[in-house]
Every structure is written in C-alpha cells, then in structure tokens.
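Protein chains: 2
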Amino acid sequence: MTPSSQLQVMLAEENGATPSVRVVQALSEHGALSATQLARITGLAKSTISTALTSLRASAMVIESSAAEKDRGAGRPATTITLNPAAGTCVGVLLGGEHIQVIVADVTHAVISDVALPMKTDYSPQEAVTATSRLIGEAYREHRLSLQTMLGVGIAVAGPINPRDGRVLRASGVPTWSGVNIKHEFQRVLKCPVIAENESNCSAIAELMWGAAVGRQDFIFLTMDLAIGGAVVANGQLVSGNAGAAGEFGHICINPDGPLCRCGNHGCLELYAGLKEPLGEFSRQFGQEVTIDEVISLARGGNLAAQTMIEQVAHVAGQGLGIIASVVNPGLVVVGGRLALARELLLAPLEASFNRHSLVKRSELDADARTQVLSSAFSGRGACLGAVGLVLRAGGRTG
Amino acid sequence: MTPSSQLQVMLAEENGATPSVRVVQALSEHGALSATQLARITGLAKSTISTALTSLRASAMVIESSAAEKDRGAGRPATTITLNPAAGTCVGVLLGGEHIQVIVADVTHAVISDVALPMKTDYSPQEAVTATSRLIGEAYREHRLSLQTMLGVGIAVAGPINPRDGRVLRASGVPTWSGVNIKHEFQRVLKCPVIAENESNCSAIAELMWGAAVGRQDFIFLTMDLAIGGAVVANGQLVSGNAGAAGEFGHICINPDGPLCRCGNHGCLELYAGLKEPLGEFSRQFGQEVTIDEVISLARGGNLAAQTMIEQVAHVAGQGLGIIASVVNPGLVVVGGRLALARELLLAPLEASFNRHSLVKRSELDADARTQVLSSAFSGRGACLGAVGLVLRAGGRTG
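As you go down the protein sequences, you meet chains D and S in turn.
The first sequence begins at 10 in this note's numbering and counts up one residue at a time.
The second sequence begins at 10 in this note's numbering and counts up one residue at a time.
Dropping the structure here:
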C-alpha cells in the first residue's frame, strides 16, 4: 500500500483503534505535535507513542521536523511530528452567495491552493457541483497532485443542515437549495468522502483549530455580514442541534411586532443587525452603492454616517449577545463576517451593548469569568478553512 | 476497610482508574446495571467486568438482584448489579424560597428519607447550614444510618453559581446570598464532601438520571413557576457557562423597552412568563390570595380567567423557547416548576407558541428532528433528587 491509501484506511478506523491509528488521527486533527502532546491527546503512554512512531516512520506515514517558527521559544527547538505531506490532501469548499471558493491543503494543515470562482446569484446545486469539480481538478493539476491523495472534501453551506438526513433546511440563505442533500450531490460526482456543514459552524471549527478559539471549550461564533449567523461550541464540542438549527442567531426574535423576515417569522435579529438594510439605506442617501468594506473605510476616515451605522448594528448585536449569553454564557465570542474587519470600531460599541444587556455584568466578575469578545483570526477565509478542518478532524468518519 | 470507607476511596479515584473502580463509579451514577450495560458504559471487555465483579462481590461492595419490575420484559428477568446499599448514602438538599428539603438516598439510588422544613423568607446562609445539619442528623438517626456512610451532600441553590470561585452570583433568586460560597459554608459544618449547583441544573440532572430525559443528549429544562429558570444539556453534558450563568432563561430580554426586572435589566422573559405578576393580579381581581396549584385547579374546573392566565404565560414562554431554540435547537424541552402540573393545559398552548416562534417549523421536519416538549417526571421534587444525583454522578470528584 502507498502511504496515501494506507492513510485513508487508518483515518477511516473507528475509535478504540490501535495506537498507530490513534496517533495518525491525532496528527490529522492537530497538524504538528510533539511526542509529549501526542501522549496527552491520545491518552497513550509515551513508550507506546514511541513504538507507534517507529513503525509509522518506517512506512513513511509520518515525518519529523523541528518546531515551526511561531512555537520556538528561547531553548532548543522541540522535535515535532506531522503526517507525511505526500500522504494525503484535503479539500475545503465554500458555497458562497456569489462565488465558490476551493482550498486544497495537505495533512500537515499547510494550504497548497486557494482559488475562487464568481457565480451568478441563486446558482443551482448542479452548477455548484460542476464548478467545484472543475476548480478541484484545476488545483490538483496545477500543483501536480494526484487525485488519489484526496482524503475527502468538506463543504461549507450558507444554511442549516439537518444532521439526520443531510438535507439543507428551508431556512437556508439560498432558498432554492432547501431539501437538497449536499453530501449526496457532491459525492456522486467527486467520488470521495464528502462532509457538508453549515458555514458558520465551519468558521467556528477554523477558529477552534487555528484561530481565536484555540484551546477554548466554550465559545460562540457570531457572523456579522449582510446576514447574521453563528455557531455554538460547548464543552469542546460543536452544538449542531436536533435539526441542525443551533447557532441560528440571525433568527432570534427581538421584536415579535417587528417586520417580516425572510424566514417567515417577525422581528428577527438579522433584520436589525444584518448589514443588508442599513447598506441599502446608506446607498440611497449617498446616491451610490456602497459595500461593507467601503463603509468600514469611510468610518475609519471619520465619516459620521458610516460610524453611526456600525454603532447601530453593534448595539442590536450586543442585545442579541446578551440573549445568547443567558442561554449558554460562553467564555468567548468570536466575531466574524465582513463587518468584523472594522475591528475596534465594531467591537467597542458591541461589547458595551453586550454588557448592558447581560444578566451578569463585567464589573461583577473576575477577569476569567468574563466573556471575552475577539475578532475572527481570518479575514473572510475562515469558513473555507473550516471546511478543510472538517475533513482533518473527521479522521475519515464521513460515512 | 469497611465497604463504606472502601467505597469512599474508590469513588474519589480519578479517571483512568482500575476496572473495579470504573465499575463502582458506573454503578454509582446509574444505579442498577446488567453486566452487558456495564461493559458498554465503561468500555471494558465483558471478561474484565466479570473479574472485577468477582472481587467486588467478595468485598461486599456490590450485590446482585433480578431486574426491577419496570425493566422486566416477557423473558426471564436479567441479573442486575448494584452497589451494596449498606456501603454508602448520599444527601440532596434543596434551599428553597421558603423551605429547606433534605433527601437521603443509598448508592442504589433508593430514597430512604425525604423531609422538608419551612423557613422564613430571606433566611441567611448560616440559618440554612444549621437547619440542614439538623435535618440530616434527624434523618440518619430515624433510619438508624451511620453518618460514616455519608459519601457527600449535593445542594441545589436558587441562583447561578460561578464555577470558578464557587460563589453565588448577584442574579440569585435570594439576593442576600450573593457572593456566598455555599460549598465552603456547608462543608465547614457538615464535614463531608459538598457539591453546590444551581437549582434548575439539579432538576435537569434528575431528568437525565431518572426522569423525562433519560438517554437524551441534547435537551433544555425550563422551570415555570413564580420565577423562570432553566438548564442546558448539550452533547450529553450540562452547560454551566463561563460564569455559571447558562440556562438563565428568565433573564432573556424579550422587550428592551419593558419594565425593570429584579436583575437590573429591562423586559426579561420572567416578567411576562413568571407567575408572580399574573397571580398577584388574579388575587386582586378575585379578592383572595391564590396559589399556582389553585389556579391549575380552577382552570381544570373550567374557570376562564385561570385558563387565560395559563395560556398567556404559555404564549410568552413559547416565544422564549423559540429564541432558545435558535441558539441550541434542543431535541427535547422538559418543562418543570409548579406550573408544569397543569400538564396539557400548559403544554398545548406552549407548543403552539413555540412552533409559531421557531425558525424551523414542526411540519417541515421528520418526527425525530422535531423538538419534543414534555412535562417533568417529578412533581416539584426534581431539584432535590438532582442534588442527590450530583453526588452519585460526581463519583467523589468533589474537591
């Protein structure tokens, strides 16, 4: 067996597997690890890890290297172990509103390729499969990678997915996709394991693996963009919800007498904290179409209308965070989406409003019991990276 | 060593312990189990379980019996194993608004004693410790139990507890207890391991161990009483929150322009769905003090005002559930508190309102993806039973 096919077999093993398999699955999820970290994560004795590594090195499944630059302290560099990058590749796909993004990474978590293709609004699942398949093929050809090394494809979708039947729920951001089983549609053509997950859940996974939430057990991800989305991680695990509808923060009702939302209910948070309406109003007032990025630039340059717009959505989003905190009281809020690029212009009024609407106030709590609010570590690339993470974390459990 | 002191040692072992210890901890948490269930829960081989049981039987730590009545199918009764009831007792304490309840149970989960003592409103922590200590002493004397067998005391408190420092938060139902470390106060006098937990979290644990949520991984508990409380269980684990303030459903803001709440914020769910205000109004209208139980009786007897009151709080609570479901999308809502005794009179309008305020509607989902709504399995005794459950589940990890 080649390292690549051997890796596919090992990643597909269920829990309770041999030490070698557990080492491979831990490296797949975490990237580079020292032998000590491997022992801690797998719960295996260091001597068992050592025996497993000897045989994995012999079969070219793992390689050793000195620690990456960022991890180097003052002392001698620690030896870290990674999977052999030649042994496997993973693909992350973001099915965006008006584009499809494809990232190819190797099993050491290194990004090899990152491309995007513009799509017309409301593209069909069939068009998405065709475009994705083409983008993947091109990326592999360009980087002289064999498609045989592809361990799986993770797909980030703008909408909740029912984990029981794999179908996109009606509440999706792309209404015409309602009822579609993304996994089946893509698997039929791509002929490899496919995992589909809600876009904000993917963003949360990226933060958990490489971003602002590394090592955190309890946090929420809040997407602030044209629409409002989110994800919940509790006790170290993603909370998907019984029908896949957890973390749908945009549809928290903050005003039952408010206007009709695209979801069919009234007064949803998204209507007040999403950028769609305010941007439209801004554009009408100023006689030209403006984007979120332009509003941020204007606000940075001192434009009062742009600053007020950001403050107003921050205020309502803070009210929403107060509600969310009464349900899960997270240790950390990671704010993503395009508006997160406004950084302090957004976070300062957001935190103030959040505190005002929280049951327990910051001033009553020691620092470690307060809820931290941070910007996403990624500038809009998080969801697609998280889709790669789906494959790396799943360790082949994609059936 | 006596079985009792031996049990205390074994329950205090950390994870990764010997097969015997793992068997004892599983029996402590689950009560009675068959050998097959023990193997599944501990992940140990059946032969290992068998060896462990032989030595545990020899030291009188476990006993065998035929299955309890409720578990008996048509076939021959299965042999179940429990801890030896003589080996240990656990105490659950509920610090209620106007009474203190104490339940003593043995390690097979059998309740030995259940007593309550009325207290004056706003009793102090010191008075609570004295009264609890007396109640425990009396119960042990009456049932000729040795206090040496007491493995620990679980305490249910009407208010969130910061898990980092063990102190009751200001948002407590008993404001004068704010800042008190319940565990320390009680441990000093009771001289045994003490675990303190929020009352609604205790209720959720009781439902999880013996009630409406047995075997469920994702559910919320909603307390409907004079006040509104709750608890969140996700992926099989209680979500306490970073400062212990998860599940504080009563303080979800449903109207930022609404009246001031005792928590200091405005328009909290509790102001609309709690029974305090409506009961007061009802009493004024009808010229006499009425209790929740009386309102339920009146409603059952056809009293329209009582029926309307229940429907109105059900409507608002359903709006709150819609919000909670957009955050965690639970598979099950267990409704507890005194008003839950209204059963269908409450649940029917509650479910209708919940569905109206939910992002994803029942009609769009297969039965298993819908959120079930059930009444609590306990009539107000759940929180104190859950406090017993804290000790049984903790397996001695009360440090």
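Each residue gets a CB set at the ideal place from its N, CA and C atoms; glycine is no exception.
As the structure is a prediction and not an experimental result, all values here were calculated from the model.
> Does the beta carbon of Pro-169 of chain S come closer than 9 Å to any beta carbon on chain D?
Replying inline: yes
> Taking the runs of the beta strand (DSSP E) that are 3 residues or longer, which of them lie wholly in the segment 79-144 of chain S?
Replying inline: 88-92, 98-104, 108-115 and 120-127
> For Arg-406 of chain D, does the three-state DSSP call read helix, strand or coil?
Replying inline: At Arg-406 of chain D the pLDDT is 47, less than 50, meaning the model places this residue with poor confidence; the figure from the coordinates comes in the next sentence. Correct three-state label for Arg-406 of chain D: coil.
>> Could you check whether the segment 157-166 of chain D touches the segment 199-211 of chain D, counting it as contact only if at least three pairs of C-beta atoms, one from each stretch, sit closer than 8 Å?
In response: yes
> According to DSSP, is His-275 of chain D helix, strand or coil?
Replying inline: strand
> Can you tell me whether DSSP reads Phe-295 of chain S as helix, strand or coil?
Replying inline: helix
>> So, with DSSP's three-state summary, where would you put Thr-300 of chain S?
In response: coil
>> Nearest by alpha-carbon distance to Thr-98 of chain S: which of S:Arg-173, S:Ile-121 and S:Ile-333 is it?
In response: S:Ile-121
>> To the nearest angstrom, how far is the alpha carbon of Leu-278 of chain D from that of Asn-312 of chain S?
In response: 38 Å
> Should Val-241 of chain D be counted as a contact of the ligand FMN given a C-beta to heavy atom distance under 8 Å?
Replying inline: As far as ligands go, the structure on display features none, and thus does not contain the ligand FMN.
> Once you ignore the five residues that flank Gln-4 of chain D on each side, which residues in its own chain have a CB closer than 7 Å to its CB?
Replying inline: Summary: the structure shown does not reach residue 4 of chain D, with chain D confined to residues 10 through 408, and so no result is reported for it.
> Run through DSSP, which three-state label would Phe-387 of chain D get?
Replying inline: coil
> Listed from N- to C-terminal order along the chain, which residues in the segment 225-249 of chain D have their beta-carbon within a distance smaller than 7 Å of any beta-carbon of chain S?
Replying inline: Asp-227, Val-241, Ala-243, Asn-244, Gln-246 and Val-248
> Could you give the distance in angstroms between the alpha-carbon of Ile-305 of chain D and the alpha-carbon of Val-342 of chain D?
Replying inline: 21 Å
> Under the three-state reduction of DSSP, which class applies to Gln-226 of chain S: helix, strand or coil?
Replying inline: coil
>> I want to verify the contact list: residues of chain S whose CB lies under 9 Å from the CB of His-324 of chain D, in sequence order.
In response: Neighbours of His-324 of chain D on chain S: none; closest Cβ ~10 Å, over 9 Å.
>> With a threshold of 9 Å between beta carbons, is Val-296 of chain D in contact with chain S?
In response: Correcting the residue identity first, residue 296 of chain D is Gly in this sequence and not Val. No, because no Cβ of chain S sits closer than 9 Å to the Cβ of Gly-296 of chain D.
> Using Cβ-Cβ distances below 7 Å, what residues of the segment 379-398 of chain D are close to chain S?
Replying inline: Thr-380
>> So if I threshold CB-CB distances at 9 Å, which residues from the segment 321-350 of chain D count as touching chain S?
In response: Gln-328, Gly-331, Ile-332, Ile-333, Ala-334, Ser-335, Val-336, Val-337, Asn-338, Pro-339, Gly-340 and Leu-341
>> Is there a Cβ of chain D sitting closer than 9 Å to that of His-2 of chain S, yes or no?
In response: In this structure chain S extends from 10 to 408, so residue 2 of chain S is not present and cannot be described.
> For Leu-47 of chain S and chain D, any beta-carbon pair shorter than 9 Å?
Replying inline: no
>> To be precise: take each residue of the segment 248-266 of chain S, compare its Cβ to all Cβ atoms of chain D, and keep it if any distance is under 9 Å. Which residues remain?
In response: Val-248, Ser-249, Gly-250, Asn-251, Ala-252, Gly-253, Ala-254, Ala-255, Gly-256, Glu-257, Phe-258, Gly-259, His-260, Ile-261, Cys-262, Ile-263, Asn-264 and Pro-265
> Which of the three DSSP states, helix, strand or coil, is assigned to Leu-341 of chain D?
Replying inline: strand
> Is Arg-173 of chain S close to chain D, meaning its C-beta is less than 9 Å from at least one C-beta of that chain?
Replying inline: yes
>> If you reduce the DSSP assignment to three classes, tell me which class Ser-59 of chain S lands in.
In response: helix
> Below 9 Å between beta carbons: does that hold for Glu-104 of chain D and Thr-141 of chain D?
Replying inline: Before going further, note that residue 104 of chain D is Leu rather than Glu in the sequence given. In this structure, Thr-141 of chain D lies closer than 9 Å to Leu-104 of chain D by Cβ.
>> Taking 8 Å as the limit between beta carbons, can you name the residues of its chain near Gln-135 of chain S, skipping five residues before and five after?
In response: Glu-194
>> Can you confirm whether Glu-78 of chain S, when its beta carbon is compared against all beta carbons of chain D, has any partner nearer than 9 Å?
In response: Because the pLDDT of Glu-78 of chain S is 48, which lies under 50, any placement of that residue in the model is unreliable, and the number read from its coordinates should be weighed accordingly. Judged by the 9 Å Cβ criterion, Glu-78 of chain S is not in contact with chain D.
>> Give me the subset of the segment 271-284 of chain S whose CB atoms are less than 7 Å from a CB atom of chain D, sorted by chain position.
In response: Cys-272 and Asn-274
> Does Leu-368 of chain S have its Cβ less than 9 Å from a Cβ in chain D?
Replying inline: yes
>> Beta-carbon within less than 7 Å of Ala-137 of chain S's beta-carbon, same chain only, minus the 5 sequence neighbours each way: which residues are those?
In response: Leu-104 and Ile-109
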